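**Student:** In this note's numbering, the protein residues as written are 5 to 148. Have a look at this one.
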């Protein structure tokens, strides 16, 4: 399902390899992400809902609590921030702003661009941390 710029979605559920794509300037509220679901958005979208690990929200450049897996991704734009993000199989977090308290599990990828910053992140076995250029990175790499 895609929510286009200016569009609004309410009480939407997705899972089992389904994807919710929320464009910049779109709104998706009371979302339920079931096992196997993916969400794709940037910090310019407005979203709230819940997933198997808890609740999440994205509003006014701040993202918190997202579970990104199965191709789901979040783009954290310059001047914006994200925290308490879980990256699992094929989930991606692309950071031009700041992020903290990210857990990168097997198959997840944290990509921090120049000018971006990542702190207090946990990179577990099979998780990927990439940093083209010279971003600021303060993360814990957990050995197998």
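Don't be surprised by glycine CBs; every beta carbon is placed ideally from N, CA and C. If you're wondering where the values come from, they're calculated on a predicted model, not measured in any experiment.
In chain order, what are the residue ranges of uninterrupted beta strand (DSSP E) at least 3 long that sit wholly in the stretch 35 to 110?
**Tutor:** 42 to 46, 50 to 55, 58 to 63, 66 to 68, 77 to 80, 85 to 87, 96 to 99 and 102 to 104
**Student:** What three-state label does DSSP hand residue 128 in the structure shown?
**Tutor:** coil
**Student:** In chain order, what residues of the same chain have a beta carbon less than 6 Å from the beta carbon of residue 104, not counting five sequence neighbours either side?
**Tutor:** 87, 123 and 124
**Student:** Keeping to the same chain, check which residues put their C-beta closer than 6 Å to that of residue 61; ignore five residues upstream and five downstream.
**Tutor:** 52 and 68
**Student:** Taking 7 Å as the cut-off, decide whether the C-beta atoms of residue 82 and residue 100 are in contact.
**Tutor:** yes
**Student:** Considering only the beta carbon of each residue, do residue 7 and residue 32 sit closer than 7 Å?
**Tutor:** Contact: yes.
**Student:** Could you give the first and the last residue of the continuous beta strand (DSSP E) run that contains residue 13?
**Tutor:** 12 to 14
**Student:** Contact criterion: CB-CB distance below 7 Å. Does residue 80 meet it with respect to chain D?
**Tutor:** The chain inventory of the structure shown lacks chain D, comprising one protein chain alone.
**Student:** Taking all protein chains shown into account, do 16 or more other C-beta atoms lie within 10 angstroms of the C-beta of residue 129, making it buried, or fewer, making it exposed?
**Tutor:** For residue 129, the number of other beta carbons within 10 angstroms of its own is below 16, and it is reported as exposed.
**Student:** Within a Cβ cutoff of 8 Å, which residues of the same chain sit near residue 110, ignoring the five residues on either side of it in sequence?
**Tutor:** 92, 93, 128, 129, 130 and 131
**Student:** Identify which residue in 80, 27 and 35 has its Cα closest to the Cα of residue 56.
**Tutor:** 35
**Student:** Using the Cβ count rule (16 or more neighbours within 10 Å means buried), how would you classify residue 12?
**Tutor:** So residue 12 counts as exposed.
**Student:** With 16 as the cutoff for other CB atoms within 10 Å, does residue 9 come out buried or exposed?
**Tutor:** Around the beta carbon of residue 9, fewer than 16 other beta carbons lie within 10 angstroms, which makes this residue exposed.
**Student:** Identify every residue that forms a DSSP beta bridge with residue 23.
**Tutor:** 42
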